[in-house]
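If you read the sequence shown in the UniProt record's numbering, its first letter stands for residue 1, the second for the next number, and so on. Please read the structure below before turning to the comments.
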Amino acid sequence: METTEKDILRGGQFLVKETKCEDIFTPEDFNEDQLMMKEAVTEFVDREIWPKKPQFEKKDYALTESCMRKAGELGFLGVAVPEAYGGMGLGFVDTMLVCDYISGATGSFSTAFGAHTGIGTMPITLYGTEEQKKKYVPKLATGEWFGSYCLTEPSAGSDANSGKTKAVLSEDGKSYKITGQKMWISNAGFCSLMIVFARIEDDKNITGFIVEYDPENPNGITMGEEEHKLGIRASSTRQVFFNDTVVPVENMLSERGNGFKIAMNALNVGRIKLAAACLDAQRRTTSVAVNYANERIQFNTPIAKFGAIRQKIAEMATNCWVGEAACYRAAKNIEDRIEIRKNNDKDSEQQAELKGVEEYAIECSILKVAVSEHTQHCTDEGIQIFGGMGFSEDTPIESAWRDARIARIYEGTNEINRMLSIGMLIKKAMKGHVDLLTPAKAVADELTGIPSFETPDYSELFSEEKSIIKNLKKLFLMVSGAALKKYGEEIEKQQQLMLAASDILIQIYLAESAILRAEKMAKKDGEEAAKEQIAMAKLNLFHAIDVIETAGKHSIISFSTGDEQKMMLMGLKRYIKYVNMPNIIELRNIIANKVISENKYCF
């Protein structure tokens with residue numbers, strides 16, 4: 001059935017519209033081809049990467065490069081590349097799936113893969129001329145060449161557009177000379193091509209260039225030593241120095257001054273892919289921790305039987321499962337939006353892809369933050385389950401914890417992404433793409449009205465949870481509406497309020513995604529077959545409410561006073577209220593029983 005524009009929510013609209021479980025895509029919906037691809041990728045990782053974890057930890061950059069070459073031979077580097085340029089031309093969900101399952105064994109390979117396929121190749125497929133794409137993309141798609149992305153500078157990190165690298169046009173107008181310094185460049189040690197951002201004259205915005213690199217003929221390019229990093233140790237990361245590096249004018253990417261736009265759009269895709277790249281790390285960490293908990297005997301009992309350990313296992317599995325639900329929901333929305341735009345004759349294929357991802361930039365930021373934080377928590381709890389052994393380099397959990405830490409920093413720090421998600425939502429509201437004002441006003445009217453004291457009928461599965469989700473959306477509108485009213489466009493200067501609002505937004509999106517995923521499964525397979533999934537969705541919502549209550553309360557008491565404050569605190573209480581409280585320990589036990597008996601992450 002063809003998807004029409006009316007069928008799918010626009011980015012950010014999840015906040016003001018109801019979504020039915022039939023309308024979301026979940027990992028249970030993978031088709032036969034996708035399952036075969038998942039199997040092929042998993043087999044590659046289990047054969048080539050997982051057994052060599054100790055070598056990666058010894059900074060074996062050559063191993064990372066050789067694994068990348070093998071991934072190229074198997075076609076994994078070209079999944080998102082159009083067939084016309086030597087790739088597979090698969091849809092967005094497929095590219096997410098490959099990124100997910102190829103990234104779980106070590107952050108070193110995952111970073112090399114992500115930097116090459118995402119920010120190293122994609123800017124050319126999306127913004128390059130036909131000549132540029134024909135010349136470079138086939139080499140990148142097969143792994144003959146590797147790509148890197150040179151944006152960050154010592155004085156330009158989160159403020160990417162403030163870079164000082166210069167591009168000066170030659171007198172004959174045939175080339176630019178690039179001079180400047182870039183840092184934290186992934187894949188620098190073995191790349192043949194760089195996407196480099198530089199400023200021409202005093203342009204307001206930077207410009208992108210495609211720069212070839214050959215160590216035999218360095219063309220003014222020199223490399224710093226490999227960086228010594230906390231994690232991702234076999235990912236090549238170097239400073240790159242350009243000294244009058246000559247780049248032909250035809251290697252400008254897109255047009256002059258468009259570099260900032262290229263960088264931001266590349267990061268939107270990078271963010272959701274980074275979220276996907278954090279999923280399999282959680283699956284593997286959970287599985288390794290459960291194996292250990294089943295084998296480790298203390299007080300004549302496997303530690304997996306102890307409530308304190310069971311709690312950790314249940315929470316680790318739940319976070320991973322919820323992250324999957326949210327990631328694949330957004331990925332399919334993006335894929336559908338790309339298809340709609342492709343069928344719309346006004347858009348080229350590249351334009352369709354760009355606009356499709358841009359539409360869901362809010363969700364991309366939400367996912368990047370949430371799943372990277374889940375991964376850190378998962379690896380941290382994994383170490384705790386291993387106890388003293390977890391602190392040893394002899395176990396895979398120690399490196400997993402170190403590798404997880406970078407995920408909260410690159411592709412825009414989580415703080416930047418939190419503020420972006422709210423900033424982009426406000427911009428969408430101003431443009432009329434997401435109507436926040438009408439529902440916010442309705443919430444304000446509801447608060448001053450007389451509440452209903454009827455006890456609703458919550459006998460149907462998830463009826464109460466869905467009612468709570470609706471109320472949590474009202475809570476977001478209440479708090480952010482009042483803050484916007486007070487600060488207007490100056491809200492962006494109120495960073496702590498924006499961070500709190502984003503915490504509420506993130507929890508709503510994840511909790512709703514999890515409930516819809518479990519409901520879809522229960523409708524298809526029956527409630528008994530989906531009992532662990534139902535338990536995970538309920539447990540996650542309970543935690544989401546805790547986070548939302550804290551963020552809401554901190555905001556309300558910080559920007560309001562008097563009657564307004566009292567009114568909003570009453571609203572907060574009303575909107576987070578359960579009629580029937582869940583039994584949290586029972587939910588955790590349902591989940592832990594399943595994971596421990598299967599001896600792995602099994603959902």
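From the three backbone atoms N, C-alpha and C, an ideal C-beta is built for every residue, glycine too. Fair warning: this is a prediction, and the values are worked out from it, not measured in the lab.
{"Query": "CB-CB under 7 Å to Ile506, same chain, minus the five flanking residues each way: which ones, in chain order?", "Result": "Ile366, Val369, Ala370"}
{"Query": "Can you check the region 367-450 for any alpha helix (DSSP H) of at least 4 residues that lies completely inside it and give the ranges in chain order?", "Result": "396-405, 414-431, 437-448"}
{"Query": "Given Val443, which residues of its chain have a CB within under 6 Å of its CB, disregarding the five upstream and five downstream residues?", "Result": "Lys474, Leu477, Met478"}
{"Query": "Would you give the residue range spanned by the beta strand (DSSP E) that residue 650 belongs to?", "Result": "Not covered by the structure: residue 650. The range shown for the chain is 1 to 603."}
{"Query": "Determine which residues share a DSSP beta bridge with Asp214 and list them.", "Result": "Asn217"}
{"Query": "Would Glu227 pass as an interface residue toward chain B - the criterion being a Cβ-Cβ separation below 7 Å?", "Result": "Absent from the structure is chain B; it holds one protein chain and no more."}
{"Query": "The alpha helix (DSSP H) that contains Lys355, what's its start and end?", "Result": "349-359"}
{"Query": "Taking the alpha-carbon positions, what's the Asp46 to Asn187 distance?", "Result": "23 Å"}
{"Query": "Can you name the residues that DSSP bridges to Glu153?", "Result": "Ala156"}
{"Query": "Start and end of the alpha helix (DSSP H) containing Phe570?", "Result": "With the sequence shown as reference, residue 570 is identified as Met, and Phe is not the correct amino acid for it. Segment 562-575, the alpha helix (DSSP H) holding Met570."}
{"Query": "If you draw a straight line from the C-alpha of Ala40 to the C-alpha of Ile102, how long is it?", "Result": "10 Å"}
{"Query": "In terms of residues, what are the limits of the beta strand (DSSP E) holding Leu541?", "Result": "Careful: Leu541 lies outside any beta strand (DSSP E), inside the alpha helix (DSSP H) at 531-559."}
{"Query": "Quick check on DSSP: helix, strand or coil for Asp457?", "Result": "coil"}
{"Query": "Which residue or residues does DSSP assign as beta-bridge partners of Lys177?", "Result": "Val168, Val246"}
{"Query": "If you draw a straight line from the C-alpha of Val269 to the C-alpha of Phe391, how long is it?", "Result": "34 Å"}
{"Query": "Assuming Arg484 contacts Glu415 under a Cβ cut-off of 8 Å, what Cβ separation, rounded to an integer in Å, is found between them?", "Result": "Looking at the sequence shown, residue 484 is not Arg but Leu. Actually they do not touch by this definition, with Cβ atoms about 20 Å apart."}
{"Query": "Tell me whether Met1 is buried or exposed, calling it buried when 16 or more other Cβ atoms sit within 10 Å of its Cβ.", "Result": "Note on Met1: pLDDT 43, under 50, position unreliable in the model; no value is reported."}
{"Query": "Going by the DSSP bridge assignment, what does Val196 pair with across the sheet?", "Result": "Cys150, Phe209"}
{"Query": "Within its chain, find whatever has a CB closer than 7 Å to the CB of Ser254; leave out the 5 residues flanking it on each side and keep chain order.", "Result": "Tyr127, Gly208, Ile262"}
{"Query": "Could you pull the DSSP bridge partners for Ile185 from this structure?", "Result": "Arg238"}
{"Query": "Specify the secondary structure class of Leu90 as computed by DSSP and reduced to three states.", "Result": "coil"}
{"Query": "So is Ser236 buried or exposed if we call it buried at 16+ other beta carbons inside 10 Å?", "Result": "buried"}
{"Query": "Hey, would you say Asn205 sits closer than 7 Å to Thr245, going by beta carbons?", "Result": "no"}
{"Query": "Roughly how many angstroms lie between the CA atoms of Thr121 and Leu140, to the nearest whole one?", "Result": "7 Å"}
{"Query": "Determine whether the beta carbon atoms of Gly91 and Glu335 lie at a separation below 7 Å.", "Result": "yes"}
{"Query": "Pick helix, strand or coil for Thr222, following the three-state DSSP scheme.", "Result": "strand"}
{"Query": "Give every residue of the same chain whose Cβ lies closer than 6 Å to the Cβ of Ala293, excluding the five residues on either side of it in the sequence, and list them in chain order.", "Result": "Ile303, Ala304, Ile309, Ile385"}
{"Query": "At what residues does the alpha helix (DSSP H) containing Thr117 begin and finish?", "Result": "First-last for Thr117: undefined, no H or E at that position."}
{"Query": "Look up Met252 in the DSSP assignment and give the residues it is bridged to.", "Result": "Phe209"}
{"Query": "Could you check what DSSP says for Lys135 in three-state terms: helix, strand or coil?", "Result": "helix"}
{"Query": "Which residues in the same chain have their Cβ closer than 8 Å to the Cβ of Met419, if we skip the five residues on either side of it in sequence?", "Result": "Glu492, Gln495, Met498, Leu499, Ser502"}
{"Query": "Note down the Cα distance separating Gly78 from Gly87, rounded to an integer number of angstroms.", "Result": "4 Å"}
{"Query": "In chain order, what residues of the same chain lie with their CB nearer than 7 Å to the CB of Ala361, ignoring the 5 residues before and after it?", "Result": "Gly11, Asn268, Met424"}
{"Query": "In the DSSP assignment, find the alpha helix (DSSP H) that holds Leu15 and state where it starts and stops.", "Result": "Run containing Leu15: none; DSSP gives neither H nor E here."}
{"Query": "Compute the distance between the beta-carbons of Thr19 and Lys520, then report whether it is under 7 Å.", "Result": "no"}
{"Query": "Could you please give me the residues that DSSP links to Pro302 through a beta bridge?", "Result": "Ile297"}
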